[in-house]
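Notes follow once the structure below has been shown.
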Amino acid sequence: MTDRLIKLIALGVCLSLPSCAQDRKDTAADNKIAGKTDYQKEGVLFKLKHEHLDCSYEILLNDMPIVTYFGLGERSGLTVDLNQYILKPGKQEVTIRMFPVKKEENHFAPKLSKSAFVKIEITKNKEPMTMLDQLNARGKGKEYKWETLTYQTPRLDKPLPYIAYKTSFVVDEKDVNWKIVGWSKSKKLNNDPNLRKEVDEFYNNYKKVLEEGDRNKFLSLVRTAIDEEAASKPWDKEIENQLTKNMIDYAAEKRNFIYPCTKAELKFFGDGRVVTLVCADTLTFGDAPLISKTAKNMVPKSHTFYLHRPAGTNKLEIIR
Numbered sequence: 003m004t005d006r007l008i009k010l011i012a013l014g015v016c017l018s019l020p021s022c023a024q025d026r027k028d029t030a031a032d033n034k035i036a037g038k039t040d041y042q043k044e045g046v047l048f049k050l051k052h053e054h055l056d057c058s059y060e061i062l063l064n065d066m067p068i069v070t071y072f073g074l075g076e077r078s079g080l081t082v083d084l085n086q087y088i089l090k091p092g093k094q095e096v097t098i099r100m101f102p103v104k105k106e107e108n109h110f111a112p113k114l115s116k117s118a119f120v121k122i123e124i125t126k127n128k129e130p131m132t133m134l135d136q137l138n139a140r141g142k143g144k145e146y147k148w149e150t151l152t153y154q155t156p157r158l159d160k161p162l163p164y165i166a167y168k169t170s171f172v173v174d175e176k177d178v179n180w181k182i183v184g185w186s187k188s189k190k191l192n193n194d195p196n197l198r199k200e201v202d203e204f205y206n207n208y209k210k211v212l213e214e215g216d217r218n219k220f221l222s223l224v225r226t227a228i229d230e231e232a233a234s235k236p237w238d239k240e241i242e243n244q245l246t247k248n249m250i251d252y253a254a255e256k257r258n259f260i261y262p263c264t265k266a267e268l269k270f271f272g273d274g275r276v277v278t279l280v281c282a283d284t285l286t287f288g289d290a291p292l293i294s295k296t297a298k299n300m301v302p303k304s305h306t307f308y309l310h311r312p313a314g315t316n317k318l319e320i321i322r
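Rendered as structure tokens:
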């Protein structure tokens with residue numbers, strides 16, 4: 003589920019609300035549902051910084067999307083955490099897909115220009131590390147952040163409608179102190195003739211849960227995604243508490259859905275084991291078909307998530 007904020011909020015809600023605490027049992031299964039995940043208190047955090055010029059683009063790590071941009075304007079200096087997409091140490095595959103730039107709300111350029119590029123920088127650092135820790139490290143001549151990969155797409159010789167590049171980096175075994183399954187053991191989905199119907203039903207149910215503001219149903223839908231992100235990332239307790247304090251009511255806040263997507267398509271990732279829906283309309287191209295706002299916050303929010311079918315089941319679940 004790429005809507006990182008939703009997951010962090012949901013995590014804070016379940017850790018803090020009395021109703022979650024009241025439901026806790028002694029069994030391991032019930033503890034997991036109640037939010038008692040094995041959170042990392044410290045460790046290595048991998049991050050990707052990205053920028054671009056004159057293009058739309060997708061960045062994938064191990065065939066899972068971590069950045070998708072089909073909007074207007076340019077973006078630079080934005081970062082995304084990578085730990086939850088690193089399922090095991092060793093070589094990590096990065097794919098950059100470039101598309102023509104969006105010129106107006108309903109218009110894309112026909113081709114990529116020669117000036118188009120995407121630049122990424124992947125770093126790792128120890129967490130948690132306060133500003134004082136960083137200053138002390140610098141004062142003692144010690145590093146607190148290490149560059150892992152820097153890559154910029156080559157200059158185009160001629161305008162093209164689409165181009166993709168691949169690169170990679172290596173993660174040391176000592177830097178991975180988490181164990182998550184992700185989509186590695188999930189069933190293949192891209193040859194299932196009944197998949198579209200099941201995906202549509204899942205999206206309709208997800209929309210209904212948010213429209214009704216049903217906190218418990220929402221948490222059950224995103225539980226696995228929350229657990230795996232929490233298990234793979236070192237958490238700063240102050241940040242966690244602040245998220246909980248500021249956004250504890252998010253999951254219970256009723257949402258109105260806007261910008262109906264008249265044409266949504268299945269898109270596969272994770273070597274065919276993960277699926278999502280994306281809009282093919284020019285206005286909302288590349289976005290999830292669920293876009294909402296609330297009475298308190300009129301800024302539209304795109305609800306992007308990724309589904310898989312775990313081994314041993316025939317039911318779709320949110321994995322990211």
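Each residue of the sequence shown is one higher than the one before, counting from 3 in this note's numbering.
Note that beta-carbon positions come from the ideal geometry of N, C-alpha and C, so glycine has one too.
Of the residues K219, K298 and Y71, which one's Cα is nearest the Cα of M100? Among K219, K298 and Y71, the Cα nearest to that of M100 belongs to Y71.
Suppose you measure from the CA of K116 to the CA of E76; what does that come to, to the nearest Å? Between K116 and E76, the C-alpha separation is close to 16 Å.
Between the stretch 102 to 115 and the stretch 194 to 201, do three or more beta carbon pairs fall short of 8 Å? With the rule of 3 Cβ pairs closer than 8 Å, the stretch 102 to 115 does not count as touching the stretch 194 to 201.
Give me the DSSP bridge partner(s) of F48. Note: F48 is bridge-paired with K126 in the DSSP secondary-structure output.
According to DSSP, simplified to helix, strand and coil, what is Y205? Three-state result, Y205: helix.
Using the Cα positions of K181 and L162, report the straight-line distance between them to the nearest angstrom. Whole-angstrom Cα-Cα distance: 41 Å.
Just mark P236 as buried or exposed, buried being the case when its beta carbon has 16 or more other beta carbons within 10 Å. Taking a 10 Å sphere around the C-beta of P236, we find 16 or more other C-beta atoms and assign the residue as buried.
Three-way DSSP call (helix, strand, coil) for I88 in this model: Of the three classes helix, strand and coil, the one that applies to I88 here is coil, per DSSP.
Using the Cβ count rule (16 or more neighbours within 10 Å means buried), how would you classify G184? Looking at its Cβ environment, which holds 16 or more other Cβ atoms inside 10 Å, G184 is buried.
Are the CB atoms of L223 and Y208 within a distance shorter than 8 Å? It is a contact, given that the beta carbons lie within the stated cut-off.
Would you kindly work out how many angstroms separate the C-alpha atoms of D56 and L158, rounded to a whole number? Inter-residue distance for D56 and L158 is about 12 Å (C-alpha atoms, whole angstroms).
Quick check on G224: does DSSP put it in helix, strand or coil? First, the residue type needs correcting, since residue 224 is Val and not Gly in the sequence shown. DSSP places V224 in helix when its eight states are reduced to three.
For R99, three-class secondary structure by DSSP: Strand at R99.
Within its chain, find whatever has a CB closer than 6 Å to the CB of V276; leave out the 5 residues flanking it on each side and keep chain order. Setting aside the 5 residues that flank it on each side, V276 is surrounded in the same chain by W185, Y308 and H310, each with a C-beta closer than 6 Å to its C-beta; the list follows chain order.
To the nearest angstrom, how far is the alpha carbon of T286 from that of N138? So the two alpha carbons sit approximately 47 Å from each other.
Go through its chain and collect everything with a Cβ distance to T284's Cβ below 6 Å, but skip five positions before and after it. Exclusion of the five residues before and after T284 leaves N108 as the residues of its chain whose Cβ lies within less than 6 Å of its Cβ.
In whole angstroms, give me the CA-to-CA distance for R257 and N299. Computed Cα separation, rounded: 10 Å.
Taking M66 as part of the beta strand (DSSP E), name the residues at either end of that continuous run. M66 -> beta strand (DSSP E) spans M66 to Y71.
Relative to the C-alpha of I98, which residue among K43, H54 and V178 is closest? Looking from the CA of I98, the closest CA among K43, H54 and V178 belongs to H54.
Tell me whether the beta-carbon of K265 lies closer than 8 Å to the beta-carbon of A290. Result no, Cβ atoms of K265 and A290 do not sit closer than 8 Å.
Is the Cβ-Cβ distance between L151 and F171 less than 8 Å? A contact, by the Cβ cut-off of 8 Å.
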